[in-house]
Amino acid sequence: MPVISDVTADDSDAALKPFSAPLGPWATYALAGRTVATAVSPYQHIEIVDLPAFGPLGRAYRLDGRFMASLADAHICHECMVHPLLLAHGDAKRVLVIGGGDGGSAREALRHASVSEVVIAELDAQVPATILRHMPSLAGGAFDDRRTTLVIGDARDYADAARSHGDRFDAVIFDLTEADGAAAPLHDAAFFAKVRSLLTPRGGIAVQLGAPWFEPAQVQRVLAALRSVFVHVQPMTAYVPLYGSLWALAIASDALDVRGTDTNALQAAAQRVSPDQLRSLRHYAASRHAALFDIPPDLIDTLDAPDAPIGTR
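Note that our numbering has the sequence shown beginning at 89, numbered continuously upward.
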């Protein structure tokens, strides 16, 4: 299949139109852009758009009218979901990405020399096909890496099959659409408990929560589900320009205190597992680790709470 350039070349106003997206139940936002390609799969409507506001890296994709990732800032969420967890673990070998059809989370996990396999459990085969055609640098070669296994199908079915085969993972990255739509069943306590059973003793998961200012009920609902299953549930925040808001994520584990891992230990892990690859990160760094988990006072009621007591699991 021929690869189309994934760099925006046209910065004129020709054919620009507003692309709006929901931001919680009572707000929307819009970015001016132009359509590059569209596709309709059995599961969703896929759009590739160029957004001049983001300059030459302004190519982005949308699923069912929601922005998922752009070349300009996709690294923010992918790096935050992957590196704090894998560095705190220190020797992660098997990583499961639930969703993740754009390859971005897999790309970040594969930076770690300790990782021997990344399984991407993606529902819609049209997503990786579209990304590889129109935004190949987003995956950064992840689908061609011999350590990557792409499984097309429902993540719930994959989790059931993995449990029956005794598969275990050191990290599970939830790289999904938001928890208020089709992916809602993958953000409840029952599914989190199922995924917990797939983890190695020091394993953990990373989950996107949403926009804490605009959808606090959703954020709190997912956090509550995580806290009913895991011993340690630790939120972090980062501003994601494409999403139009501060964004919240969380790492959950029974054994790892990711938030409390000190800078020296993280830097030592980075030197041990992948010194060259991690130098090129654009958002995450061990020196910034504590700041990501430092919840501002005005969001403590939404995001922060003591780790759930073991008896609530």
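The C-beta atom is built at its ideal place from N, Cα and C for all residues, glycine as well.
Every value quoted in this text rests on a predicted model; they were computed, and no experiment measured them.
- With a cutoff of 8 Å on beta-carbon distance, Asp258 and Gly298 are scored as not near each other.
- Considering only Asp245, Ile383 and Asp161, the residue with the shortest C-alpha distance to Pro323 is Ile383.
- Excluding five sequence positions before and after Arg199, the CB atoms of its chain that fall closer than 7 Å to its own CB belong to Ser362, Gln365 and Leu366, given in chain order.
- Within the model, the alpha-carbon separation for His275 versus Arg195 is close to 23 Å.
- Apart from sequence neighbours up to five positions away, the residues of its chain that approach Arg284 with a beta-carbon distance below 7 Å are Val317 and Phe318, ordered along the chain.
- Within the same chain, Val170, Val183, Val203 and Val206 come within 6 Å of Ala197 by CB-CB distance, once the 5 residues on both sides are set aside.
- Around the beta carbon of Ala118, fewer than 16 other beta carbons lie within 10 angstroms, which makes this residue exposed.
- Put simply, the backbone Cα of Trp335 is about 17 Å away from that of Gly269.
- Cβ-Cβ separation between Val185 and Ala217: approximately 17 Å, too far for a contact (criterion under 8 Å).
- Under the Cβ criterion (8 Å, minimum of three pairs), the segment 104 to 115 counts as touching the segment 151 to 159.
- In this structure, Ile240 keeps its C-beta atom at 8 Å or more from the C-beta atom of Ala227.
- In the three-state scheme derived from DSSP, where H, G and I count as helix and E and B as strand, Leu211 is classed as coil.
- With contacts defined by Cβ atoms closer than 8 Å, Ala127 and Gln214 form a contacting pair.
- A Cβ-Cβ distance of about 11 Å is found for the pair Ala230 and Thr237, leaving them out of contact under the 8 Å criterion.
- Boundaries cannot be given for Pro113, as no beta strand (DSSP E) includes it and DSSP labels it neither H nor E.
- Given a length threshold of 3 residues, each whole run of the beta strand (DSSP E) inside the segment 228 to 312 is given here in chain order: 236 to 240, 257 to 263 and 287 to 298.
- Under DSSP, the beta-bridge partners assigned to Lys105 are Gly121.
- Within the same chain, Cβ atoms closer than 7 Å to the Cβ of Asp161 are found at Val328, Pro329 and Leu330, the five residues on either side in sequence being excluded.
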